[in-house]
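Remarks on the structure that follows.
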Amino acid sequence: MCKHHFGADDPSAAMDVTQAREVLPTNVKPVHYNLTLEPDFDKFTYEGQVVIDLDVVEDTTSISLNTNQVTIHSAKVSSGDQVVSSSPTIAHDEATQTTKFGFDQTISGGSKASLTLDFSGILNDNMAGFYRSSCKAEDGSTAYLATTQMEPTDARRAFPCFDEPALKAEFTVTLVADDKMTCLSNMDVASETTVDSKVTGGKRKAVTFNKTPLMSTYLLAFIIGELNYIETTSFRVPVRVYAPKDRDIEHGRFSLELAARTLDFYEKTFDSPFPLPKMDMIAIPDFSAGAMENWGLVTYRVVDLLIDEKVSGASVKQRVAEVVQHELAHQWFGNLVTMDFWDGLWLNEGFATWMSWYSCNVFYPDWKVWEGYVTDNLASALSLDSLRSSHPIEVPVKRADEINQIFDAISYSKGSCVLRMISKYLGEDIFMEGIRRYLKKHAYGNTQTGDLWAALADASGKDVEKVMDIWTKKVGFPVVTVTEGTDSIHVKQNRFLRTADVKPEEDETLFPVFLALRTAEGVDEELALTTREADFKVKDLDFFKLNADHSGLYRTSYSPERLHKLGVAAKQGLLTVEDRAGMIADAGALASSGYQKTSGILSLLDSFKSEKEFVVWVEIGSRISVLRSAWQFEDQAVKDALRKFQLDLCSDKAHELGWTFSDKDGHIEQQFKAMMFGTAGVAKDKTIVKAAFDMFNKFKAGDSSAIHPNLRGSVYGIVLSNGGKEEYDTILDQATKAKTVDERNTALRVLGRAKDPELIQRTLALSLSDEVKAQDIYLPISALRTHPEGIEALWKWVQDNWDELERRLPPGLTMLSSVVSLTTSSFTHKEHIKQIEAFFSTKSTKGFDKALAQCIDAISAKAAWIERDSDDVKGWLKEHGYLQ
Ligand code: BES
Ligand code: ZN
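So in this note's numbering, the last one in the sequence shown is 1096, and the numbering has no gaps at all.
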């Protein structure tokens, strides 16, 4: 297979992405699909028929479309009233997932044709295409529902189709099923009739849905199952939440109300009415992603839609809100206006990500979500993009296994950061005006990135493409180094790599950097560095900071003296929360990659003990855990010293906040208390460890309210790290018996903290047992990464079980990538890289080659960091009394 390498030095990174596409011939264009499907829940197969109306663009003797694992039983090609062929030749090409129908008679360009196909398919259990998902029926037996996940390239697994985002068509869907089944699709029901079943031989209902607007195949959805629903009429069209019958449907109330408000907000903000007659959102028990934005029928993982506010904490609620608002944003960005091809994926995902934060901020101002953006999206973007194996936002992708891999922090987080950057530069109002123009101009159509820049330029009168183009076309981002003169600063940009080994040819891109210079007088949003280096006058050098609020995608490197002064400025209240968190993040990243000394960040963190804000503490916490996990395989004495430093840093704050909750606690305060309790607990604060055991023991004795939902994960984690088999069994019992998925997941997620070799083996075995659905395989294994014993065991496990994992997690899905990352990326030494490379050298890395390269890069960065700064860290710890 010809593979694309996305290295920074690859000239193809800047080439016209359209050249790399592997697309269908353009001799015909689909206009309308009439699709009928009937599942067989005994055999896990389905029967289908599709009639595709086509515009014939040029003289045609063959029609090619996409299929994958569907069996075609009969084919007929017609034009007008004429049958062109009732038995065309059929040739399938496995590699390109296409089937070609050939016939003798030529259909002339400019005319109409239709292709009728009878086919059958597998109602698979791989969470792709038309697949089955299971839940508990009332009598305790297993009940099945049939559902779909088409994005990116699995509509072709459900039915023969022209499976490219730009080949939009209208769809009329009919589902045939037993009476007790609820049938759902993108549109509302047009009619219900009784038909002869192709499966049972008897009669069944056939539910036909109204014709959809012009749309892409990856957004199609159909679901058949026994379901409950709740409905609201508070939006212009009905909104419903559906769930399988083993779930409490009332847990959908929060999402239901939020969805109605969000749709109303979006259609007003975008000045573009939601064009469908209804919006259904449904919880699916087996689901590969978090949620999927199918037009008018959004599918979710159960945890991302249903929430019981009595048993779930504040962060779970925020996640649900984010997911709902993200998928609803796609109804415009993605569904109404769609990227031209997958290399433009960021136009979907970057925008939905940005938009969900924008609307969350409007709906829940007290959550202050933009403050958290710096420690969330900006952090993920800069983290992945600091690796040589990162890729440009717009990257050539051809086939399924490549397309799946770009659903990553670059498309989502870097994409949304690029939007945040331009929205700040233009001002949010002008940005939104540009968005309205973009949606209006391209409704029901497809776009490239340039179309977005053009609309923003139109609204702002500025040359947006000139300042933004490089950010989506080139890999990476710069580190801006500041040196100070008497009345000016000198700034210079260079490519930033975590491995700190940038080659000259990797450092040729000059990014347009918005400096957003903050001084005592305010922020200068106009200032930009467009060359390698330049001087800028600053009136008063006493106080200044670049990248105000960290809306820019870069790191800033100051002299140690300036960093110290900024630490002081932070205390004086001259910096925003975003500035403080971002500044710590930059200093940490610069230290771990060799641009500065690690002792510098340790001192900086030490000076933040009196910090008051949650988000800044999130950043402090993640900087220490990055350091501690890089040092996991080092001397025990140094590891203990680092733990003591963390304890010293966090304990006072944790005790000051306390760990009891009242109704008066705000959303942020709840998370703040929970986080500090957890961090201090992990660092073995004696009082907190004792408190955790007290709560746990009461809980174990039957007091179900003894552990507050906000603390559940931390309490479990603390007792597992400090306890043994008894604690493990109690928590495992919770994982099996819990009523809500959040409670169950919280239990599963911490089991790996137990270090006892026998318990480690039980955790590993659990992840592949029937107890854990394939969608949740990552849950039990993730906490094993918190200790060296677990990391070693994970690596052995993934090698021993590779065939099984490959079978369960097909390369077309993103999950195999996650398992590879989880089981390899926690290593910290060069020898580990050799082992990993040796193991995979004999395997196909299809579907996860990018993740693997990124893990190896990340390990080399850690190895180099330790080599460079091991003595520096020891020295600092000694000087500060943490190490003898
Ligand atoms: N379009 C994606 C779902 C998706 C992901 C399809 C990967 C195919 C491959 C959806 O809009 C999405 O982004 N879901 C996120 C949730 C969101 C809040 C970031 C997810 O699945 O986690
Ligand atoms: Zn999305």
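Just so you know, even glycine gets a beta-carbon here, dropped at the ideal spot from N, CA and C. Note that the coordinates shown come from a computational prediction; the quantities given were computed from them, not determined experimentally.
(message) Is Ala503 a contact residue of ligand 1, with contact defined as CB to any heavy atom under 7 Å?
(response) As a position in the sequence shown, residue 503 is number 291, starting the count at 1. Of the heavy atoms belonging to ligand 1, at least one sits nearer than 7 Å to the Cβ of Ala503.
(message) For ligand 2, is there any heavy atom lying closer than 7 Å to the beta carbon of Asn589?
(response) One-based indexing of the sequence shown puts residue 589 at position 377. Not so, every heavy atom of ligand 2 lies at least 7 Å from the Cβ.
(request) Tell me whether the beta-carbon of Glu1127 lies closer than 8 Å to the beta-carbon of Val827. (result) Coverage of the chain is limited to positions 213 through 1096, which leaves residue 1127 absent and any answer about it impossible.
(request) Measure the CB-CB distance between Phe499 and Gln1096 and report whether it falls below 8 Å. (result) Reading the sequence shown from its first residue, position 287 is the one you call residue 499. Reading the sequence shown from its first residue, position 884 is the one you call residue 1096. Against a cut-off of 8 Å, the Cβ pair of Gln1096 and Phe499 comes out as no contact.
(request) Could you tell me how far apart the beta carbons of Thr272 and Gln261 are, in whole angstroms, since I believe they sit closer than 8 Å? (result) Residue 272 sits at position 60 when you count from the first residue of the sequence shown. Residue 261 sits at position 49 when you count from the first residue of the sequence shown. Here Thr272 is actually not in contact with Gln261; their C-beta atoms are around 22 Å apart, not less than 8 Å.
(message) Buried or exposed for Gly925, going by 16 or more other Cβ atoms inside 10 Å?
(response) Here the question's residue 925 lines up with position 713 in the sequence shown. It counts as buried.
(message) Could you tell me the alpha carbon to alpha carbon distance between Glu382 and Val532, rounded to whole angstroms?
(response) Here residue 382 refers to the residue found at position 170 when the sequence shown is read from its first residue. Here residue 532 refers to the residue found at position 320 when the sequence shown is read from its first residue. Answer to the nearest angstrom: the Cα atoms are 31 Å apart.
(request) May I ask you to list the residues that DSSP assigns as paired with Thr354? (result) Here the question's residue 354 lines up with position 142 in the sequence shown. In the DSSP secondary-structure assignment, Thr354 is bridged to Lys348.
(request) Please report how far the alpha carbon of Met887 lies from the alpha carbon of Asp483, in whole angstroms. (result) Start at 1 with the first residue of the sequence shown, and residue 887 comes out as number 675. Start at 1 with the first residue of the sequence shown, and residue 483 comes out as number 271. Rounded to whole angstroms, Met887 and Asp483 show a C-alpha spacing of 40 Å.
(request) Figure out for me which residue from Ile1003, Ala612, Ser822 has the closest Cα to the Cα of Asn280. (result) If you number the sequence shown from 1, residue 280 lands on position 68. Among Ile1003, Ala612, Ser822, the Cα nearest to that of Asn280 belongs to Ala612.
(request) Could you tell me if the beta carbon of Val535 falls within a distance shorter than 7 Å of some heavy atom in ligand 1? (result) Residue 535 sits at position 323 when you count from the first residue of the sequence shown. Remark: the shortest separation between the CB of Val535 and any heavy atom of ligand 1 falls under 7 Å.
(request) Write down the C-beta distance between Gly833 and Thr899 rounded to the nearest angstrom, noting that I regard them as a contact closer than 8 Å. (result) Here residue 833 corresponds to residue number 621 of the sequence shown, with the count starting at 1. Here residue 899 corresponds to residue number 687 of the sequence shown, with the count starting at 1. Not confirmed; about 19 Å, so no contact.
(message) Which residue wins for smallest C-alpha separation from Gly914, given the options Glu645, Asp897, Arg452, Gln946?
(response) As a position in the sequence shown, residue 914 is number 702, starting the count at 1. Taking Gly914 as reference, the option from Glu645, Asp897, Arg452, Gln946 with the minimal CA-CA separation is Gln946.
(request) Have a look at Leu638 and Glu846 and give me their C-alpha separation to the nearest angstrom. (result) Counting from 1 along the sequence shown, the entry for residue 638 is found at position 426. Counting from 1 along the sequence shown, the entry for residue 846 is found at position 634. So the two alpha carbons sit approximately 48 Å from each other.
(request) Check Asp375 in the structure and name its three-state DSSP category. (result) Mapped onto the sequence shown, residue 375 falls at position 163. In the structure shown, the three-state DSSP call for Asp375 is coil.
(message) Using 8 Å as the cut-off, can you tell me whether the stretch 415-432 makes contact with the stretch 524-541, which would need three or more C-beta pairs spanning the two stretches below that distance?
(response) Flag = no, the stretch 415-432 and the stretch 524-541 do not touch.
(message) Is the beta carbon of Val586 closer than 8 Å to that of Ala793?
(response) The residue labelled residue 793 in the question sits at position 581 within the sequence shown. The residue labelled residue 586 in the question sits at position 374 within the sequence shown. Going by beta carbons, Ala793 and Val586 fall inside the 8 Å limit.
(request) Quick one: residues with CB closer than 5 Å to any heavy atom of ligand 2, in chain order, please. (result) Listed along the chain, these residues meet the criterion: Glu561, Ala564.
(request) Determine the closest residue to Ala389 out of Asp254, Ser346, Pro364, His304, with distance taken between C-alpha atoms. (result) Here residue 389 refers to the residue found at position 177 when the sequence shown is read from its first residue. If we check each option's Cα against that of Ala389, Asp254 comes out closest.
(message) Below 8 Å on the Cβ atoms is my contact criterion, and I expect Asp791 with Arg767 to pass it. Report the Cβ-Cβ distance as a whole number of Å.
(response) Residue numbering aside, residue 791 sits at position 579 when the sequence shown is read from its first letter. Residue numbering aside, residue 767 sits at position 555 when the sequence shown is read from its first letter. With a Cβ gap of about 14 Å, Asp791 and Arg767 do not count as contacting.
(request) Rounded to whole angstroms, what's the CA-CA distance from Glu831 to Ser822? Just pull it up for me. (result) Here residue 831 is taken as the residue at index 619 of the sequence shown, counted from 1. Here residue 822 is taken as the residue at index 610 of the sequence shown, counted from 1. Cα-Cα distance, rounded: 14 Å.
(request) Give me the Cα-Cα distance between Phe1098 and Tyr1094, rounded to the nearest whole angstrom. (result) As displayed, the chain neither begins before 213 nor continues past 1096, which places residue 1098 out of reach and without an answer.
(message) Cutting at 6 Å between CB atoms, please list the residues of its own chain near Phe739, excluding the five before and the five after it.
(response) Here the question's residue 739 lines up with position 527 in the sequence shown. At residue 739 the sequence reads Leu, which differs from the Phe that was named. So the list reads Leu727, Leu729, once near-sequence residues are dropped.
(request) Over the uninterrupted beta strand (DSSP E) stretch that includes Gln317, give me the two end residues. (result) Taking the sequence shown and counting its residues from 1, the one referred to as residue 317 is at position 105. 310-319 is the span of the beta strand (DSSP E), which, as asked, contains Gln317.
(request) Would you give the residue range spanned by the alpha helix (DSSP H) that Val679 belongs to? (result) What you label residue 679 is simply residue 467 of the sequence shown in a count that begins at 1. For Val679, the enclosing alpha helix (DSSP H) has its first and last residue at 676-685.
(request) Could you please give me the residues that DSSP links to Ile284 through a beta bridge? (result) Walking along the sequence shown from the start, residue 284 turns up at place 72. DSSP lists Phe331 as partners of Ile284.
(request) Rank Gly697, Asp747, Thr788, Val714 by C-alpha distance to the C-alpha of Ala732 and give the top, closest one. (result) Along the sequence shown, read from residue 1 onward, the residue named residue 732 stands at position 520. Among Gly697, Asp747, Thr788, Val714, the Cα nearest to that of Ala732 is on Thr788.
(request) Write down every uninterrupted run of the beta strand (DSSP E) in the stretch 231-288 whose length is 3 residues or greater and which is fully enclosed by it, in chain order. (result) Runs of the beta strand (DSSP E) lying entirely within the stretch 231-288, each at least 3 residues long, are 240-252, 257-268, 272-278 in chain order.
(message) Nearer than 7 Å: is that true of the beta carbon of His285 relative to any heavy atom of ligand 1?
(response) Here residue 285 refers to the residue found at position 73 when the sequence shown is read from its first residue. Taking 7 Å as the cut-off, the C-beta of His285 does not count as close to any heavy atom of ligand 1.
(message) Suppose you measure from the CA of Ile622 to the CA of Glu561; what does that come to, to the nearest Å?
(response) Within the sequence shown, numbered from 1, the residue matching residue 622 stands at position 410. Within the sequence shown, numbered from 1, the residue matching residue 561 stands at position 349. So the two alpha carbons sit approximately 10 Å from each other.
(request) Please confirm if the stretch 341-361 is in contact with the stretch 294-314, defined as three or more CB-CB distances below 8 Å between the two stretches. (result) Between the stretch 341-361 and the stretch 294-314 there are fewer than three C-beta pairs closer than 8 Å, too few to call the two in contact.
(message) With a threshold of 8 Å, are at least 3 pairs of Cβ atoms found where one atom belongs to the stretch 461-473 and the other to the stretch 505-520?
(response) Enough Cβ pairs lie closer than 8 Å, so yes.
(message) Could you check whether the stretch 471-479 touches the stretch 442-449, counting it as contact only if at least three pairs of C-beta atoms, one from each stretch, sit closer than 8 Å?
(response) Flag = yes, the stretch 471-479 and the stretch 442-449 touch.
(message) Helix, strand or coil, according to DSSP, for Gly525 in the structure here?
(response) For the purposes of this step, residue 525 is identified with residue 313 of the sequence shown, where counting begins at 1. Reduced to three states, the DSSP call for Gly525 is coil.
(request) Can you grab the Cα-Cα spacing for the pair Leu786 / Leu775, in whole Å? (result) Numbered from 1 along the sequence shown, position 574 holds the residue referred to as residue 786. Numbered from 1 along the sequence shown, position 563 holds the residue referred to as residue 775. The alpha-carbon of Leu786 is positioned some 14 Å away from that of Leu775.
(request) Could you tell me how far apart the beta carbons of Asp670 and Gly646 are, in whole angstroms, since I believe they sit closer than 8 Å? (result) On the sequence shown, residue 670 is found 458 positions in, with the first residue counted as 1. On the sequence shown, residue 646 is found 434 positions in, with the first residue counted as 1. The beta-carbon separation of Asp670 and Gly646, rounded to 7 Å, stays under the 8 Å limit for a contact.
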